[in-house]
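S.K.: Submitted below is the structure of interest, expressed as C-alpha cells.
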Ligand SMILES: [Zn+2]
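In the UniProt record's numbering, the protein residues as written are 1 to 271.
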C-alpha cells in the first residue's frame, strides 16, 4: 500500500513539475490546523512533507495562520510555525482573517496558482475550493498519516489539454504510420490543398498586373501617363503579341535608340 501510494504521489508530482513548472524546494503553505494536528501526533511536519512528495519542500505559514496559533497558546505548535518561513499576506496582524480565506487569497490568484504553492491544510472546504484551481497539490493529515489528495479534475483537464497540444504538435508522423490508409488519404488531401495555395499564389500575381494594364493601357492611349506606360509596356507585351506586334515593331523602329523602353520592347518582340 505504501509503495503504491508513493508511486501515485511521484506520478502526480511529475505532472506539477512538467505541466505546471513547479521547482524544488516546493513552497508549501501550511495552515495552523495541520500544525496543531501534527504537534499533537508528534509528527514532524517538515520531514513528513518531504517524504510525502518525495522532494525538498519549503514550508511556509501566513501571517494570519500564525496569529491563529498565537491564540491557542500552544507553545510547541507556535515554535514549529516560527521555524517556517513567513508568508506575508498583507492582512493586518492586529486584524487577521480566517486562515482558509487568507490562504485562498494567496494561492488562487484569478483562478491560477501563480506562485506554484503546495497547500497542506486540514480545512476540507478550503481543499475543495482550491481543487478547482488547476495545479494545486493538496496535502492533509488523515489521522496520523500524511496524504495527498488525488489529482483534481481541474488539474487533470488542464494537464490533458497540454499533453494533447504536445501530441498534435510533434507526433503526427507516428500517428499516420499507425492509422495507415485513412491518415494517408488525409495527408494526400492535405498535399493537394497545399498545392492549390501555391497555384493561388501564382494566380493573384499575374491577374493583378494584367488588370492594371488593361485599364491603364486604355488610359495611356490619351498620352497622359508616359511613365506608367514604360512600366506597363513590358507586361502588356505578352497580350499584345498577337494583336499589336506589328504596331510595336513599327513604334520601336522609329525611335530605336531613344530610350530604354524601346530596347525592352525589342527584347520582348525577340522573345
Ligand atoms: Zn492573511
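No residue lacks a Cβ here, since even glycine has one placed at the ideal position from N, Cα and C. Computed from a predicted model, the values in this text were never measured in an experiment.
#1: With which residues is residue 118 paired in a DSSP beta bridge?
#2: Just verifying my parser: in three-state terms, what is the DSSP assignment at residue 56?
#3: Are the Cβ atoms of residue 139 and residue 120 separated by less than 8 Å?
#4: Which residues in the same chain as residue 77 place their Cβ atom closer than 6 Å to its Cβ, once the five residues preceding and following it in sequence are excluded?
#5: Whole angstroms is fine: what's the gap from residue 124's alpha carbon to residue 141's?
#6: Taking the Cβ atom as the reference point for each residue, do residue 26 and residue 55 lie within a distance shorter than 8 Å?
#7: Could you give the first and the last residue of the continuous alpha helix (DSSP H) run that contains residue 139?
#8: Taking just the CA atoms, how far does residue 129 sit from residue 179?
#9: Taking the alpha carbon of residue 17 as the reference point, which residue from 65, 6, 53 has its own alpha carbon closest?
#10: Less than 7 Å between the CB of residue 91 and some heavy atom of ligand 1, yes or no?
#11: What's the call for residue 294, buried or exposed, on a 16-neighbour Cβ count within 10 Å?
#12: Return yes when at least one heavy atom of ligand 1 lies under 7 Å from the C-beta of residue 121, else no.
#13: Using C-beta distances below 6 Å, list every residue in its chain close to residue 15, excluding the 5 sequence neighbours before and after it, in chain order.
#14: Would you mind stating whether residue 29 and residue 64 have Cβ atoms separated by less than 8 Å?
#15: What whole-angstrom Cβ distance do residue 135 and residue 113 have, given they're in contact under 8 Å?
#16: Could you tell me the alpha carbon to alpha carbon distance between residue 61 and residue 86, rounded to whole angstroms?
#17: Look up residue 149 in the DSSP assignment and say whether it is helix, strand or coil.
#18: Which of helix, strand or coil does DSSP assign to residue 5?
#19: Hey, how far is the Cα of residue 41 from the Cα of residue 145?
#20: I think residue 152 touches residue 131, with their Cβ atoms under 8 Å apart; what is that distance to the nearest whole Å?
#21: I'd like to know whether the C-beta atoms of residue 116 and residue 20 end up nearer to each other than 8 Å.
#22: Can you find a heavy atom of ligand 1 that lies under 7 Å from the Cβ of residue 3?
#23: Taking the DSSP output, what are the residues bridged to residue 87?
#24: Tell me whether residue 236 sits in a helix, a strand or coil according to DSSP, three-state version.
#25: Please work out which residues of its chain come closer than 8 Å, Cβ to Cβ, to residue 102, disregarding the five sequence neighbours upstream and downstream, and give them in chain order.
#26: In this structure, does DSSP put residue 97 in helix, strand or coil?
#27: Relative to the C-alpha of residue 79, which candidate in 44, 107, 50 has its C-alpha closest?
M.R.: Taking the structure as given:
#1: 28
#2: coil
#3: yes
#4: 35, 36, 39, 69
#5: 11 Å
#6: yes
#7: No alpha helix (DSSP H) contains residue 139, which is instead part of the beta strand (DSSP E) from 138-142.
#8: With a pLDDT of 43 at residue 179, under the threshold of 50, the modelled position of that residue is not reliable, and the figure given next carries that caveat. Looking at the two C-alpha atoms, the distance is approximately 42 Å.
#9: 53
#10: yes
#11: A query on residue 294 cannot be resolved here, the shown segment of the chain reaching from 1 to 271 and no further.
#12: no
#13: 159
#14: no
#15: 5 Å
#16: 5 Å
#17: coil
#18: helix
#19: 10 Å
#20: 4 Å
#21: yes
#22: no
#23: 62
#24: Reliability of the predicted coordinates at residue 236 is poor, the pLDDT of 48 falling under 50, and no value is obtained from them.
#25: 62, 63, 64, 65, 89, 91, 96
#26: coil
#27: 44
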